[in-house]
Amino acid sequence: MNEHPVINSSPPEHLHSLASLAYLLERLERSPLQVSADQYRLVALRLRDELAGARLDARLDALLRAYPAASEMYENLQYEQAGLCRCALDASARTEILAKRILRDVAGSADA
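Mapping of the sequence shown onto the working numbering: residues 89 to 200, in sequence order.
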C-alpha cells in the first residue's frame, strides 16, 4: 500500500491522475495527523470525477484493490447499477441477513 502505482508500475496514461488521487486519498485516510477538511474534500471530489469517467478493466481493478478508500468510493458511485460490487460476498451476505433480521424484529415490535 506504500507503493505508488504511477511510480512503480506505470499505469496507462488515462489512469495517471486517478492513480495519483487514489494514492493521496489513501494517505489522507491513514494519516496519523489531522488533515484539513478542505484538502480532503478537494482530493475526494477530484477522485470522484476521475472515477465517474473510468471504465473498469484489469488495470483499474488492480488500482482499486491497492487503495481501499478509492475502491469504496468507486463502489458507492456504481451502487445504483452494481450494488456492493467490490465488497466481499460473504460480508455482503452477512450484512443483508442481519438487516433482514433487524427489519423483521422491528416489524414484530410494532405489531405488539
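We put the beta carbon where it would ideally sit given N, CA and C, even for glycine.
Query: Reduced DSSP category for A158 - H, G, I as helix; E, B as strand; rest coil; Result: helix
Query: A125 beta carbon near the ligand PLP (any heavy atom closer than 7 Å); Result: The ligand PLP is not among the ligands present in this structure, which contains no ligands whatsoever.
Query: Backbone CA spacing between V94 and L133 [nearest angstrom]; Result: At V94, the pLDDT of 44 sits below 50, so the modelled position is not reliable; the number obtained from the coordinates is stated separately. Their backbone Cα atoms lie some 20 Å apart in a straight line.
Query: Through-space distance from L135 to H102, alpha-carbon basis; Result: 13 Å
Query: Cβ-based burial, S124 [other Cβ within 10 Å; buried from 16]; Result: exposed
Query: Alpha-carbon spacing of D137 relative to S119, whole angstroms; Result: 23 Å
Query: Pairwise C-alpha distance: L106 and K188; Result: 37 Å
Query: Same chain, Cβ closer than 8 Å to Q122, five either side skipped, listed in chain order; Result: none
Query: Continuous alpha helix (DSSP H) stretch holding D126: start and end; Result: A125 to A140
Query: R143: first and last residue of the uninterrupted alpha helix (DSSP H) it sits in; Result: Unbroken run through R143: none, as it is neither H nor E.
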